[in-house]
Amino acid sequence: MAEEVRGPDTAALDEVVTFTSELIRIDTTNRGGGDCRERPAAEYVAERLAAAGVEPTLLERTPGRTNVVARIPGTDPSAEALLVHGHLDVVPADPAEWTTHPFSGEVRDGTVWGRGAVDMKNMDAMVLAVVRSWARQGVRPRRDIVLAYTADEEASAEDGSGFLADRHAVLFEGCTEGISESGAFSFHPQPGTTLYPIAAGERGTAWLKLTAHGRAGHGSKVNTANAVTRLADAVARIGSHPWPVRLTATVRAALTELAALYAIDVDTHAPDLDVDLLLDKLGPAAAIVEPTVRNSTNPTILDAGYKVNVIPGQAVAYIDGRTLPGTEEEFAATMDRLTGPDVEWEFHHREVALEAPVDSPTFAKLRAAVERFDPAGHVVPFTMSGGTDAKQFSRLGITGYGFSPLRLPPGLDYAALFHGVDERVPVDALHFGVQVLDHYLKSA
Ligand SMILES: [Zn+2]
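For the sequence shown, numbering that gives the first Met the number 0 gives the first residue as 0, with consecutive numbering after it.
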């Protein structure tokens, strides 16, 4: 029985800091142009797994774009397997904007600094530290645990989780659920309140390309078929479109829990629920759900013309669209209407929306693991506004939760550090994460 309550050893608490720092020092910047090299980071992880008796498999679609997959056999062969995945690449960082060099991995004043400290070399390191602690303690999980350290999450995932799902599905056999980034970090909407949003879904990606055609000609002439004007009209309509509220099960569950927590007397299942009014009443806590109560479309790129006195025959724009589960048809019909007859639209890149059940035994265990180590904290489900590798793994029938637990001090705007300047994570937060993950993964 003693083993049931024993947590990670002290070496794990040291290792998680070392691993986070050293992984940050391995520059895995992914600019999306194919020049990222995850291999040194993948080898770093693989060596440390192998030393703990967990045999890693290194997989590449493109030389240098390395993924690591390993399986830890569970004690219950009839149990379904659990996928734990984290990406090894990071977004670019400009040293001129930072107070510490983004690839220094410096540990200063109880904080690890650098690109990836939050997204998501912290989680990579926490999982690695937990697994190695199990090897020292002779711990085996109940379920098989499949570990995946992926390349290319910050771009197309074609060299990472997409490649693994397409070509190496056999390595994920038996996996029904997964955990990864973007959830279970503490959020303090006001003094005295600690929320832990756990992700149970992601909006879909609907990146669009708009093409307006018109009549080319001299800029000084009358032109009632100007492609730039047509495109600009469509882009303005799309960018300012008031998308209607569409509540998914996860978002509704989040609103229900938050309303109860704040003692707001409202029936979140009422057909005439005024969601925007409820968000107002929730104050800063509304940030958890506000980006996911409706679809969104933001124009991001415009491309037309080459000379000020020449009207081009064609003009192009790109839109970053995001869709909630179940709204795909409505989204397409709305785009047909907003673009109008003179502008064509097509999907430039499309990824499915995800929804994971919040009334599942797994969600209950994730919740319990957080509350065990922070009894004053409140777990709330939420839907991610963007996407992660979970989209690719969903093609293998794997239901994904965003669960990278961290207990952060009030005042640290953690959400702003994702892809932000001076990305950093407190050592205490990493220690909390190791304890929660150790407990959850053992009991999963
Ligand atoms: Zn990430």
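Note that beta-carbon positions come from the ideal geometry of N, C-alpha and C, so glycine has one too. A quick note: this is a predicted structure, and the numbers were derived from the prediction, not measured.
(request) Please name the residue, chosen from 315, 396, 126 and 318, that lies closest to residue 355 on a Cα-to-Cα basis. (result) 396
(request) Compute the Euclidean distance between the alpha carbons of residue 2 and residue 249, then round it to the nearest angstrom. (result) Its pLDDT being 43, under 50, residue 2 is placed unreliably by the model, and the measurement read from it follows with that caveat. The straight-line gap from Cα to Cα measures roughly 35 Å.
(message) Any heavy atom of ligand 1 inside 7 Å of the beta-carbon of residue 152?
(response) yes
(request) Whole angstroms is fine: what's the gap from residue 228's alpha carbon to residue 334's? (result) Approximately 18 Å, taken between the alpha carbons.
(message) Is there a Cβ of chain E sitting closer than 8 Å to that of residue 243, yes or no?
(response) Judged by its chain identifiers, the structure shown contains no chain E, having just a single protein chain.
(request) Identify which residue in 271, 362 and 66 has its Cα closest to the Cα of residue 88. (result) Across the set 271, 362 and 66, the C-alpha of 66 shows the shortest separation from the C-alpha of residue 88.
(message) Quick check: is any heavy atom of ligand 1 less than 7 Å from the C-beta of residue 275?
(response) no
(request) Whole angstroms is fine: what's the gap from residue 147's alpha carbon to residue 68's? (result) A direct Cα-to-Cα measurement between residue 147 and residue 68 gives close to 4 Å.
(request) Please classify residue 336: does DSSP put it in a helix, a strand, or coil? (result) helix
(request) Run the CB neighbour count on residue 128, radius 10 Å, all protein chains shown included, and call it buried at 16 or more, exposed below. (result) buried
(message) Given a cut-off of 8 Å on the beta-carbon distance, is the pair residue 413 and residue 407 in contact?
(response) yes
(request) Quickly, what does DSSP pair residue 446 with across the bridge? List them, please. (result) As shown, the chain starts at 0 and ends at 443. That puts residue 446 outside it, with no answer to give.
(message) Please tell me whether, using a cut-off of 7 Å, the distance from the CB of residue 86 to the nearest non-hydrogen atom of ligand 2 is below it.
(response) Ligand 2 is absent from the structure shown, which contains only ligand 1.
(message) In whole angstroms, give me the CA-to-CA distance for residue 187 and residue 283.
(response) When rounded, the separation of the alpha-carbon atoms in residue 187 and residue 283 is 9 Å.
(request) Whole angstroms is fine: what's the gap from residue 403's alpha carbon to residue 381's? (result) Answer to the nearest angstrom: the Cα atoms are 14 Å apart.
(request) Between the Cα of residue 442 and those of 121, 17, 55 and 143, spot the shortest distance and give me the residue it belongs to. (result) When only C-alpha atoms are compared, the closest one is 143.
(message) Measuring only the C-alpha atoms, how far is residue 191 from residue 111?
(response) 26 Å
(message) Per the DSSP calculation, residue 296 is bridged to which residue(s)?
(response) 320
(request) Using only the heavy atoms of ligand 1, determine whether one of them is closer than 7 Å to the beta carbon of residue 387. (result) yes
(request) Please confirm whether any heavy atom of ligand 1 lies closer than 7 Å to the CB of residue 383. (result) no
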